[in-house]
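Peer 1: Before we start, here is the structure in question, set down as structure tokens.
Number of protein chains: 2
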Amino acid sequence: MERIRSSELGAHVGERVRVAGWLQSLRRLGAVSFLVVRDGWGTVQAVVADDARLAPLREAGCEVESVVEVEGTVVANAQARSGVELHAPDVRVVSAVTEAPPVRLDKKLGNAPVPTLLAQAVVANRHPSRRAIFRLGAAAMRGFRGALDARGFVEIQSPKLVEGATEGGANVFEVKYFERIAHLAQSPQLYKQIMVGVFERVYEVGPVFRAEPHDTARHINQYTSMDVELGFIDGPGDVMRVLTEVLAEIVRELGAACAAELAQLGAVLPAVPARIPELHFSEAQALIAGALGERERDQPDLSPEGERWLGRWAVEQHGSDFLFVVGYPMVKRPFYTHPDAARPAYSASFDLLFRGTELVTGGQRLHRYEDYIAALAARGMRSEPLAAYLDGFRYGMPRHGGFAIGLERLLMQLVGLPNIRLAVLFPRDLTRLAP
Amino acid sequence: MERIRSSELGAHVGERVRVAGWLQSLRRLGAVSFLVVRDGWGTVQAVVADDARLAPLREAGCEVESVVEVEGTVVANAQARSGVELHAPDVRVVSAVTEAPPVRLDKKLGNAPVPTLLAQAVVANRHPSRRAIFRLGAAAMRGFRGALDARGFVEIQSPKLVEGATEGGANVFEVKYFERIAHLAQSPQLYKQIMVGVFERVYEVGPVFRAEPHDTARHINQYTSMDVELGFIDGPGDVMRVLTEVLAEIVRELGAACAAELAQLGAVLPAVPARIPELHFSEAQALIAGALGERERDQPDLSPEGERWLGRWAVEQHGSDFLFVVGYPMVKRPFYTHPDAARPAYSASFDLLFRGTELVTGGQRLHRYEDYIAALAARGMRSEPLAAYLDGFRYGMPRHGGFAIGLERLLMQLVGLPNIRLAVLFPRDLTRLAP
């Protein structure tokens, strides 16, 4: 008898079927026992009226999480969570677990401490509410790629081992690379720009590494960056338009593929407006200063508190979970940032806030070789380590720009997680290199 | 006027259109000049009868690779490569290149030396034949993911920073991780197995890092691994079946999306038989010994020469570009390998040869905690650094297995590249950390 998935049971009412999975719980209610088996797709409850049917579990000393096969008759029952249950089950033990697992998987995780969930991630990630988050992540990546494939973008894989902190900033990990020192790439930024010279439109989904020594709920040292870069734009508006379309497709895919997971997590998908509202940085700062006090003004960046305030403002004023803040001051942006032609102290770049947190950074880049030479000189950066990158501009580049979406930050905001580590299967931070 | 792509010109015969891209060549034939512009999708030729139309290029001192916009009338011409050309073009310079690029992009690359192509990759990757290879790579990833999404697999992103050379072997890169030493993951092997406990079926496409100090045409130190792992198998045959289906889908996607690129590269897609022929390792070795000499026998592995011979044998005997070799000796396989129950010196694992080169390694893994403890002890490996991984088995795992396809090796064999570095945008090897 071929094994079927728990999600397929509804199509087999009245039949004898075989399911397999992990023994999530076994409880007795009077003369009847209820055995819940979890497989990759969901759970199924088997109702055991004859106690002898559980003998194989008893004989093997099975605790929960034992791997079992159950053959039973599918019976419709409106009271069962999935609308069906198995009757008269024959149980076979595949792998007996004889020690209770460190995390209970049949109860709500509720206020389980984050450090415990992370230390026990190998088992804790089996919890239905943890699985739901990671299914959202897979769907988000699928939506991202689908949107870009449909728009003529080419997927690339860039090197993760590079020479030097070429993007600026000191937050790079050192690698012993044979007789030399290499560094882990902080982003695919320079390579995706080079690749605009090859394919015009490229994207990459991959790990990036930040050696930031910060121990906060928003910092991790490896995360998944969904990067895009495109050429032949007129300005940052073209980049923002593609980003808006990509977000709409991610949200569409999440809704189509993960309705059950969203409901389980109590997460509500945002609407992506055809045109996301936008504010210039200076307007945003003035609004925040008006609301939160003058200390918010004359900073080169927005404070996290200011961003949260803007998030509420965008909902109230525009009914939008998203808000573009455009024209951040050049002084806070990296060397490849294109200035706003009309107000050169401000950049042709943007952040996208999602529910009051920066989710995406993007913008137009410099595209002329001489502009790079001048920008590097003005920042006191050497151009020699960037020689290959600069060749891309020396030998012809169009106006271009792009953006990067942090996958884990998207999940954190979407689900309302208190800590970004909960959006990662096995997070890496100041103290965690395992599991 | 909205810019259109070179690939869309055929739908605009008789119209005035605007294209944009890189000036790939400009040559004069008598009174007429031919200007070829390359964009992300192909090339278009503009025919210039009135020399004054080229004044903008002359005035800016434009060399090839200058970025230009061309407005012209689309005229059907069976002699033009794409069946159409532009007449009476108005040319506008977007970015002038005033220095001839280091690689000619309008001629066949032919025997351009590999080191030159790699050193000049920023520009050389713009060559149509280089682009074709990377478009095949993108299509292969798309086919891989599509096949697995359709089969209920969940995409994961595993940590690339790990503690210790946990998979065995010494070929790991050391990373300075704050106050500690971390290592770059040699593969997602341990994590994808753990994740079978979560989702049953998982895959990952991502970079893996091998600190192998070998300078050969087949070695690179970062490559793209397309990894799969699935639970509730009966044996390695189930893994081989999924692999066969995935390969069929990759080949289908390559044929559907990249017919022009394949033709351009002179690459012929393999047929993927519904059932790929297979040989047991011991049979394979006997056949090779019969053909190439007795020194091939009693080795724990097949020689590259032996693999090439088997590749020819599979074509001759089975008309197949693919051949499974199953049952490699346990001594050459990693600790998590499941033995063949009937012949425990041999493993329940396989290699897939593609045109005489190992393309995929896979097999069934141990799934019982006590088997891991015994396997590690037998190899003199400490179980403590693997504690979290082993928890996956302690708390219940089904029979499972998986495989890993090397993306670059697939491209190398498919296109017949002489060096695997040519299948990578910006390869990393003993001497290369840039571009």
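Respectively, the protein sequence lines represent chains A and B.
Every number in the numbering used here is 8 more than the matching position in the first sequence, counting from 1.
Every number in the numbering used here is 8 more than the matching position in the second sequence, counting from 1.
Idealized CB from N, CA, C, for every residue including glycine.
On a Cα-Cα basis, can you pick out the residue from A:D58, A:G239 and A:E175 that is closest to B:R13?
Peer 2: The shortest C-alpha separation from B:R13 is found at A:G239.
Peer 1: Can you grab the Cα-Cα spacing for the pair A:I284 / A:L367, in whole Å?
Peer 2: Approximately 14 Å, taken between the alpha carbons.
Peer 1: Could I get the ranges of all uninterrupted alpha helix (DSSP H) runs contained in the region 268-313 of chain A, with 4 residues as the minimum, in chain order?
Peer 2: With a minimum length of 4 residues, the continuous alpha helix (DSSP H) runs that stay inside the region 268-313 of chain A are 289-300.
Peer 1: Please name the residue in B:S137, B:D399, B:E182 and B:V170 whose C-alpha comes closest to that of B:E269.
Peer 2: The shortest C-alpha separation from B:E269 is found at B:S137.
Peer 1: Identify the continuous alpha helix (DSSP H) that holds A:P234 and give its terminal residues.
Peer 2: The sequence as given places Met at residue 234 of chain A; Pro does not occur at that position. Taken as a continuous stretch (DSSP letters only), A:M234 belongs to no alpha helix (DSSP H), being part of the beta strand (DSSP E) at Q230 to G239.
Peer 1: Could you tell me which chain A residues have their CB closer than 9 Å to the CB of B:L433, listed as they occur along the chain?
Peer 2: Going along chain A in sequence order, the residues near B:L433 (Cβ under 9 Å) are I164, Q165, S166, P167, Y199, I202, M203 and V206.
Peer 1: Confirm the yes/no value for this check: CB of B:T345, any heavy atom of the ligand COA, distance under 7 Å.
Peer 2: In the structure shown, the ligand COA is absent, as is every other ligand, since no ligand is present at all.
Peer 1: Is A:Q272 near A:E212, with beta carbons less than 8 Å apart?
Peer 2: For A:Q272 and A:E212, no; Cβs fall outside 8 Å.
Peer 1: What would DSSP say about B:Q372, mapped onto helix, strand or coil?
Peer 2: Note: B:Q372 maps to strand in three-state DSSP.
Peer 1: If I measure Cβ to Cβ from A:Y380 and keep anything under 7 Å in the same chain, skipping five residues before and after, which residues do I get?
Peer 2: For A:Y380, where only same-chain residues beyond five positions count, the Cβ hits under 7 Å are L374, L398 and F401.
Peer 1: Just the Cα atoms here: how many angstroms apart are A:V170 and B:N119?
Peer 2: Straight-line Cα distance between these residues: approximately 28 Å.
Peer 1: Leaving out five residues on either side along the sequence, give the residues of the same chain with a beta carbon under 7 Å from the beta carbon of A:P6.
Peer 2: Nothing about residue 6 of chain A can be read from this structure; chain A reaches only from 9 to 443.
Peer 1: Report the partner residues of B:Y185 according to the DSSP bridge assignment.
Peer 2: Answer by DSSP bridge pairing, in chain order: B:R188.
Peer 1: Can a CB atom of chain B be found closer than 8 Å to the CB of A:Y185?
Peer 2: Chain B, which has a Cβ nearer than 8 Å to the Cβ of A:Y185, makes this yes.
Peer 1: Going along the chain, which residues of the region 120-134 of chain A sit with their C-beta nearer than 7 Å to a C-beta in chain B?
Peer 2: Cβ contacts with chain B come from V130, V131, N133 and R134.
Peer 1: In whole angstroms, what separates the C-alpha of B:L125 from that of A:A158?
Peer 2: Roughly 31 Å separates the two Cα atoms.
Peer 1: Listed in chain order, which residues of the region 212-223 of chain B have Cβ atoms closer than 7 Å to some Cβ of chain A?
Peer 2: Against chain A - using a Cβ distance shorter than 7 Å - the residues of the region 212-223 of chain B are G214, P215 and P221.
Peer 1: With DSSP as the reference, please indicate the residues paired to A:G4 in a beta bridge.
Peer 2: Nothing about residue 4 of chain A can be read from this structure; chain A reaches only from 9 to 443.
Peer 1: Let me see if you follow: with CB-CB separation under 8 Å, is A:M9 close to chain B or not?
Peer 2: A:M9 does not count as touching chain B.
Peer 1: Tell me, to the nearest whole angstrom, how far the beta carbon of A:S41 is from that of A:D59; I am working on the premise that it is less than 8 Å.
Peer 2: Indeed, because the Cβ distance is near 7 Å, the residues count as touching under 8 Å.
Peer 1: How is the beta strand (DSSP E) around A:L43 delimited, first residue to last?
Peer 2: Residues V40 to R46.
Peer 1: Beta strand (DSSP E) containing B:T252: first to last residue?
Peer 2: Element bounds for B:T252: not the beta strand (DSSP E) but the alpha helix (DSSP H), P244 to A265.
Peer 1: Let's see if you can read the secondary structure: which residues bound the alpha helix (DSSP H) around A:D157?
Peer 2: Where A:D157 is concerned, the enclosing alpha helix (DSSP H) stretches over P136 to D157.
Peer 1: Let me check one thing: in DSSP terms, what residues is B:R11 bridge-paired to?
Peer 2: B:R11 is bridged to B:R26.
Peer 1: Please report the Cβ distance between A:P1 and A:E71, rounded to the nearest whole angstrom; I am assuming they are in contact, meaning their Cβ atoms lie under 8 Å.
Peer 2: One cannot answer for residue 1 of chain A here, as it falls past the ends of chain A, which runs 9 to 443.
Peer 1: Suppose you measure from the CA of B:R440 to the CA of A:K184; what does that come to, to the nearest Å?
Peer 2: In a straight line, the C-alpha of B:R440 is about 14 Å away from that of A:K184.
Peer 1: What separation, rounded to the nearest whole angstrom, lies between the Cα atoms of B:G205 and A:D47?
Peer 2: Taking the straight line joining both Cα atoms gives about 9 Å.
Peer 1: As a quick exercise: from B:N179, B:E187 and B:V236, pick the residue whose alpha carbon is nearest that of B:I202.
Peer 2: Comparing Cα positions, the closest option is B:V236.
Peer 1: Is the Cβ of B:D399 closer than 8 Å to any Cβ of chain A?
Peer 2: Cβ-Cβ to chain A under 8 Å: yes for B:D399.
Peer 1: Of all Cβ atoms in chain E, is any one closer than 8 Å to the Cβ of B:Y403?
Peer 2: Annotation note: the requested chain E is absent from the structure, which comprises protein chains A and B.
Peer 1: Would a check of beta-carbon distances place B:P443 closer than 8 Å to chain A?
Peer 2: Yes, B:P443 lies at the interface with chain A (some Cβ there is under 8 Å from its Cβ).
Peer 1: Is there contact here, the region 310-319 of chain B with the region 286-302 of chain B, by at least three beta-carbon pairs under 8 Å?
Peer 2: A contact exists between the region 310-319 of chain B and the region 286-302 of chain B.
Peer 1: Could you tell me the boundaries of the beta strand (DSSP E) in which A:V102 lies?
Peer 2: Run containing A:V102: V92 to S103, per the beta strand (DSSP E) assignment.
Peer 1: Excluding the 5 residues flanking A:G69 on each side, which residues of the same chain have their C-beta closer than 6 Å to its C-beta?
Peer 2: Excluding sequence neighbours, A:G69 sits near T106.
Peer 1: Return the chain-ordered list of same chain residues with a C-beta closer than 7 Å to the C-beta of B:F358, the five sequence neighbours on each side being excluded.
Peer 2: Excluding residues within five positions, the ones whose Cβ falls inside 7 Å are P244, M248, F332, V333, V334, G370 and G371.
Peer 1: Taking the alpha-carbon positions, what's the B:Q421 to B:H191 distance?
Peer 2: Near 30 Å, if we compare the C-alpha coordinates of B:H191 and B:Q421.
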